[in-house]
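Residue numbers (the numbering used here), protein chains in the order written: chain A, 15 to 259; chain B, 1057 to 1163; chain C, 15 to 974.
A virtual CB, placed ideally from N, CA and C, is assigned to each residue, including glycine.
Here's the structure, in structure tokens; my notes come after.
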Amino acid sequence: MSLAFLTPDVTASREVLARSPMERLAVDAGARLSRVEGWSMAKAYSEPSIEWERLTRTVAFADRSSLTKLELQAEPQELAWIVAPASDGGGLKLEPGMAEHVTGTWWCPVTPSRVLMLGESGQAPALRATLEQAAEEARGTVTVLDVTCGLAAMSLIGPGARELLARFCAIDVRPALAPPGAFRPGSVARTPGYVLVEAEDRLLVLVGWALGEYLWQVVADAAAQLGGGPVGAEALAHYRDRDDA
Amino acid sequence: MSFVLTCPHCGVREVADFAFGGELSSRPRETPTLRELCEYNYFRRNVAGVQREWWYHRSGCRTWFQAERDTRTNHVLSVWLPGERDEPGDGGTSAELGGSVQAEGTP
Amino acid sequence: MSRLPLQPGERVDRSQTLTFSFDGKPVAALRGDTIASALFAAGRRTFSRSFKYHRRRGLMCCAGNCPNCMVAVDGAPGVRACTEPVREGMQVEHLNASPGLELDGMAITDKLGGPFTPPGFYYKTFIRPRRLWPLYEWVLRHAAGLGRLPQRQAERTWRTEYRRRHTDVLVVGAGHAGLSAAIAAAELGADVVLADEGPEPGGRLLWEGGHAQARALADRARAAGVEILSSAPALGHFDGLVPVWQGDTLHQVRARQHVYATGAIEQPLVFPGNDLPGVMLSSGAWRLAALYSVRPGTRAVVASTSDRGLLAASALRELGVEVLAVADLRHTPSAAAQALRAQGVEVLNGWTIVGASGRRAVTGATLAPVADASANGASGTGPRELSCDLVLVCGGEAPATALLAQAGAQTEYDPARGHFRLAQLPPGVWAAGDLAGDGDEQLVALAGERAGLAAAQALGLGDERSASRAAELDAQLHDSTRTEETPAPALATGASPKGKAFTCFCEDVTAKDIRRGVQEGYDSIELCKRFTTVTMGPCQGRMCQLSSIRLMSAETGQGLEQIGTTTARPPWSTVPLGALAGRPIEPAKRSSIHGVHRQLGASIKWAGDWRRAYDYGDPEGEALNVHRAAGLIDVSTLGKLLVRGPQAGQFLDRLYPNRLSNLKPGRVRYGVLNSDAGRIMDDGTITRIDENTFYVTTTSSGAGAVEQWFSWWLADWKLDVQLADVTQSLCAVNLAGPRAREILARLSDADCSPEAFAYLDARQARVAGVQSLLMRIGFVGELGYEIHFPAAYGEDVWNAILKAGEPDGIRPFGLEPQRILRLQKQHIIVGQDTDSESTPFGAGMPWAVKLDKDEQFIGKWALQRFAEAPAETALVGFTVEGGHVPTEGAVVLDHRGAAAGQVTSARRSRQLERVIGMAWVPSALASDGQLITISDNGERFGASVVTEPFYDPAGELLRL
């Protein structure tokens, strides 16, 4: 037997869909859903102009629970060695507090012996395979776990992103202390979580999967006070393309 | 209570992020007498002053660590990971069960 | 609406009028008015009726300190009219008077007074007969109070926002000192938040003629990046976290350095009639005139113990208030006194006020020389009565040290000024301005700047220039003498005081009440406070702490330094409870299948921190269906841990009292976790996935605790083991019942034959196309499969199983039917059937403890002792004749009728057609057929003990 029962296997079946724990609230908020790589995803909620306004003028939030999330556990010296082949030859510092974005994946050190990897769902199988291969060859005990369904994820985007986080989280993410890449395990909305500063105006918040609906409620409630609201995958992709350009 | 603690991995966080694990005590190394067993299980020093204690970063990196805190002011003097400050002979990967839940100095 | 001519610093905008209602009648106001300034301008003098005696109370402090102007705004009580800005259309109502403010029936208590209302009256009088207490309570609650909350709040009309604000420096108080501190720190690069109670920064500069300077300072602060929070009182100092309440937002400010510049609070004087409308603090009258252009009165008598009162008198005189006489407690005329005299005002040095009179408002005041005064400058030696409509009082100032005291500052009595001054500050906390007794305006600004520099320097900011500036400021502050003498007011002399002299306006505590408290033996300030309730009202001691200490000193003969102050406690400012309640969204865990349960009409209830489906409308029928066909229950809430590593088996052997290292891959074993005291902590299953990997389930409520427990021992033992909590990653469902095998076989690629997949086997297979872990376990007592799979597929897999099982009559079942089913098997629920004293031996599970195993394990020493000495009580099953279902917690009686145990679970079982339960009973009764008596809410009935499972005692069905 193996730990395959932890992995959402997107090739499994056309009968079943992987769904975010926020899906029902997203639908209530007007989400239009579609199937993307085995996941049911919210493509859009409102008129593009409204979502664009949220992203650029007030604050937007987006369900990103379908991100692939892997957890790697090993002794600190082993860790660096294992991640090397999967991270473009390595050189990752893996020091708690700062994550690094390499080959489309965020490498987030939780402790010196535990790393959380966040990537788009399409990259999952390749990343997992590379890591498992390296783990096989490692000397000490290594665990590669798929925690995709362990953590619900939400992006807070826009000029009000940090202010929105401050409405439900006590972690200090002032720009001077939390530049892009800052990774902060800690309480989010009174529940265990992580905050990753993806960019100056983009925060990724993760909490337990079963708290996904709750996180949506909290974020939606706070965002409404700031004039913000949800955005779908389309607007988000458009926004990130512009960002990258 | 709203003081802050410094997690050895994550840095400063509100105390509500953490679970309190009680003062450091030592588990008997061999079969204890009834009195020793009861003292170990039920008796605490409960000092008014600086105390060494266990904390768990429950909402964060989920690491147990140890701290020195003044119970009168909640001022945390220092934090460290278990083993980092153990006296020689304590801690380590002893195959024996007893002994290493220990860091509080012997009299 | 009469107003003074345009005042240079006035806050009202005369071009914009607003209308609001007071007790249903329209009132005109100017934009910028407070409710109080508009009402006063419209001629109102009585603003409230007092707490106990229902006396008329008028404006006194005009700064949100005293309780006199509390009103209800749009239904919310406890709003101070003197600081609440007028909004168009707001509905303001008086509190605590019936039928109305002008005619209040309860004012009779003031006339009867004396014998009926001293402190402690209700404790002593209403204690007997005890059975009447509910009636007394009802009457008392309606007689006193500060307004009434609406009984129902159909729709929450206001909400609170919570905002965490991290900053380098928090400055509390935006007077001259606070602004100077904020500017100094911010200009050195610190992130600064400045919080202030007032609607605009500037403090007393705003009414003392420095409004232009105040505005310039505020502009400079903003330019330096200071975030200024106005109308935002700080509520407390909690280990460095300062909540600041601003309208509908609670800012939780966490700063690295704190500067307090909270100023000083002008104190009233204690004399008969000191609460009459028209008796005002000198600064209150000044504020009313300077900020709102409202004349507080026409003919004023002034009584002061310091220059503050004299300066106010002078300023009001310029605004056209006739000052009849000034009683200055100090014997030597100060410069301010001489200046007043030069203007032709009579200043009586060595005099004070001994009484005020009037019915609806003050109409006269009596001044008298203090004892032994050689009445310098007084024109007579006897008391003088003056006819007036305004009495200005100033009993010196009390530094507003409460927040600092909460931060750990010490205070000491300063005899030269008659108040408690700061003595010692905790690290990282600075004080400046009137709070620190910094004296005149110039020094206040310098001290503020110095505090701001200090805070910045403590953060490692600043350079040589700022260091030399700090040194320069130190020198200047050191050289200046700051000792204006403001003696503690002597209590009125000579004349025997007639009428009530209040020390506490909130709770109607008089000077006499304090004396009586001391005479009854409550002679420490903390006891006296609790007995008389002085300082316990909405002003939180702002108006009464100093005077009550002075009264105690006079009565006990102790010095004020001996008496000391009461402990400063939050909240320092009035705050609605709703502001502290948090965002009204509970952190609820929900299974990924939750939405389907709701669609299926499940009743959803809390189970620990999860929302769970209790039943789908027919719990007994759902249970029965598991026996007859098949049922499906969502058990995703189970705790799930992965334990990996070469020493994983050894690790589990140390944690559990049975052997797990010899478990074969693909097999499941039950385990009960014990503390080192041998008490049951949790239970669950352990499945071996492969040589190095174990999958451990825990109870739903115990998941977090077990993860902590495991990682705690691991942190200490440092074995080569890795832990991962995958509770939320996986959905889990239990498919159970005689038809379960057929249903599973239809959906799964696993070989479901009894030979290939036996009881307590675990298999990896696809279910509805999804990779799953399957375990054959039988919590509910029928053939059953627990299926664990990635949470994202929860809905779809659940629906697929229900669909596949349709021909077999499958139905979902909830938590409640599961409780019936497991009770039939006497499977315990930890925490329901066990408590912190339960041992595996008492709970009937000696088989779960292997004392003969070689390894040490947690709880072994204690369990060895329990094994040797028989348990006093045991957990057994019972059945009840007659169909009565005992309440959980009902008492089990022994043969003598004494309590000897309790019922932990009881249900009616339709399958067994009787009432069954589990209970702790004395060991002597713990054998089959023993009769026990259960006492349930006064009713007694018999039950008989059953030690084996009620249903399928041999466990054959599980193994089919």
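Where W66 of chain A and S112 of chain C are concerned, what is the direct C-alpha to C-alpha distance, given to the nearest angstrom?
-> About 57 Å.
Do the segment 1109-1123 of chain B and the segment 1069-1086 of chain B meet, that is, are 3 or more Cβ pairs less than 8 Å apart?
-> Contact between the segment 1109-1123 of chain B and the segment 1069-1086 of chain B is present: 3 or more CB-CB pairs across the two stretches fall below 8 Å.
Could you tell me which residues DSSP puts in a beta bridge with Q661 of chain C?
-> Q661 of chain C is bridged by DSSP to nothing; it lacks a bridge partner.
Between the beta-carbon of A353 of chain C and the beta-carbon of V315 of chain C, is there less than 9 Å?
-> In this structure, V315 of chain C does not lie closer than 9 Å to A353 of chain C by Cβ.
Through-space distance from N1130 of chain B to C402 of chain C, alpha-carbon basis | Distance between the alpha carbons of C402 of chain C and N1130 of chain B: 55 Å.
Is the segment 227-242 of chain A touching the segment 34-43 of chain A, taking contact as three or more C-beta pairs under 8 Å?
-> Taking a cut-off of 8 Å on C-beta distances, the segment 227-242 of chain A touches the segment 34-43 of chain A, as three or more cross pairs fall below it.
For W620 of chain C, write down the residues that DSSP places opposite it in a beta bridge.
-> Paired residue(s): C:R625.
Rounded separation between G391 of chain C and V337 of chain C - CA only = Unreliable placement is indicated for G391 of chain C, whose pLDDT of 46 sits below 50; no coordinate value is reported for it.
Mind checking V267 of chain C: buried by the 16 CB within 10 Å criterion, or exposed?
-> A residue is called buried once 16 or more other Cβ atoms fall within 10 Å of its Cβ, and V267 of chain C is buried on that count.
With DSSP run on the structure shown, which of helix, strand or coil describes D160 of chain A?
-> Three-state result, D160 of chain A: strand.
Please decide whether H180 of chain C counts as near chain A, where near means a Cβ-Cβ distance under 9 Å.
-> Yes, contact with chain A.
Which chain A residues sit within Cβ distance under 8 Å of C1066 of chain B?
-> For C1066 of chain B, the chain A residues whose Cβ falls inside 8 Å of its Cβ are P110, G111, R198, P199, G200, in order along the chain.
Between C:A341, C:A472, C:A770, which lies nearest to V407 of chain C when the distance is taken from Cα to Cα?
-> The closest CA to that of V407 of chain C, considering only C:A341, C:A472, C:A770, is found on C:A341.
Does the beta-carbon distance from G659 of chain C to L674 of chain C come in below 9 Å?
-> When the beta-carbon positions are compared, G659 of chain C and L674 of chain C stay at least 9 Å from each other.
Mind checking which residues open and close the alpha helix (DSSP H) that includes G466 of chain C?
-> 455-472 is the extent of the alpha helix (DSSP H) around G466 of chain C.
Would you check if the segment 447-454 of chain C and the segment 270-281 of chain C touch, i.e. whether three or more CB-CB distances between them fall below 8 Å?
-> Result yes; three or more Cβ-Cβ pairs closer than 8 Å.
Verify whether the separation of the beta carbon atoms of A247 of chain A and A58 of chain A is less than 9 Å.
-> In contact: A247 of chain A and A58 of chain A (Cβ atoms closer than 9 Å).
Same chain only: Cβ atoms within 7 Å of D942 of chain C, ignoring 5 sequence neighbours per side = Within the same chain, D942 of chain C has close Cβ partners V959, V960, T961.
Of all Cβ atoms in chain C, is any one closer than 9 Å to the Cβ of E85 of chain A?
-> Interface residue, yes.
Chain A contact for Y176 of chain C (CB, 9 Å cutoff) | Flagged as an interface residue toward chain A: Y176 of chain C, by a C-beta distance shorter than 9 Å.
What span of residues does the beta strand (DSSP E) with E411 of chain C cover, start to end?
-> Element bounds for E411 of chain C: 411-413.
Based on Cα-Cα distance, which residue from C:F827, C:M120, C:T395, C:L115 lies nearest to E634 of chain C?
-> Minimum Cα distance to E634 of chain C is reached at C:F827.
Report yes or no: is there a C-beta of chain C within less than 9 Å of the C-beta of W1136 of chain B?
-> Taking Cβ atoms only, chain C never reaches closer than 9 Å to W1136 of chain B, which makes this a no.
With 7 Å as the limit, tell me which residues of the segment 221-245 of chain A have their beta carbon closer than that to any beta carbon of chain C; keep them in chain order.
-> Within the segment 221-245 of chain A, the residues whose Cβ lies closer than 7 Å to some Cβ of chain C are G222, W223, A224, L225, E227, Y228, Q231, V232, D235, Q239, listed in chain order.
Roughly how many whole angstroms lie between the Cα atoms of G364 of chain C and T395 of chain C?
-> Note on geometry: alpha-carbon atoms of G364 of chain C and T395 of chain C lie some 10 Å from one another.
Exposed or buried, G911 of chain C, counting other C-beta atoms within 10 Å across all chains shown (16 or more means buried)?
-> Residue environment for G911 of chain C: exposed (fewer than 16 other C-beta atoms within 10 angstroms of its C-beta).
Listed from N- to C-terminal order along the chain, which residues in the segment 702-727 of chain C have their beta-carbon within a distance smaller than 7 Å of any beta-carbon of chain B?
-> Against chain B - using a Cβ distance shorter than 7 Å - the residues of the segment 702-727 of chain C are Q722, S725, W726.
In or out: I185 of chain A buried (at least 16 other Cβ within 10 Å) or exposed?
-> It counts as buried.
Should G1116 of chain B be flagged as near chain C, meaning a C-beta pair shorter than 9 Å?
-> Put simply, the CB of G1116 of chain B is far from chain C, with every gap to its CB atoms at 9 Å or more.
When the cut-off is 9 Å and only beta carbons count, does K603 of chain C lie next to chain A?
-> Yes, K603 of chain C counts as interfacial toward chain A.
Assuming G378 of chain C contacts L343 of chain C (C-beta within less than 8 Å), just tell me the rounded distance between them.
-> That belief does not hold up - the Cβ atoms of G378 of chain C and L343 of chain C are roughly 20 Å apart, past 8 Å.
Confirm, please, whether the CB-CB distance from L243 of chain C to H265 of chain C is below 9 Å.
-> It is a contact, given that the beta carbons lie within the stated cut-off.
What residue ranges within the segment 133-182 of chain A form continuous beta strand (DSSP E) runs of no fewer than 3 residues, ordered along the chain?
-> 157-160, 165-171, all fully within the segment 133-182 of chain A.
Output yes if chain B places a C-beta closer than 9 Å to the C-beta of Y536 of chain C; else output no.
-> Not a single CB atom of chain B sits nearer than 9 Å to the CB of Y536 of chain C.
Excluding sequence positions up to five away, which residues of its chain have a Cβ less than 6 Å from the Cβ of V863 of chain C?
-> Setting aside the 5 residues that flank it on each side, V863 of chain C is surrounded in the same chain by P671, P854, L877, each with a C-beta closer than 6 Å to its C-beta; the list follows chain order.
Is the Cβ of A1206 of chain B closer than 9 Å to any Cβ of chain A?
-> Limits of chain B in this structure are 1057 at one end and 1163 at the other, which puts residue 1206 of chain B out of reach.
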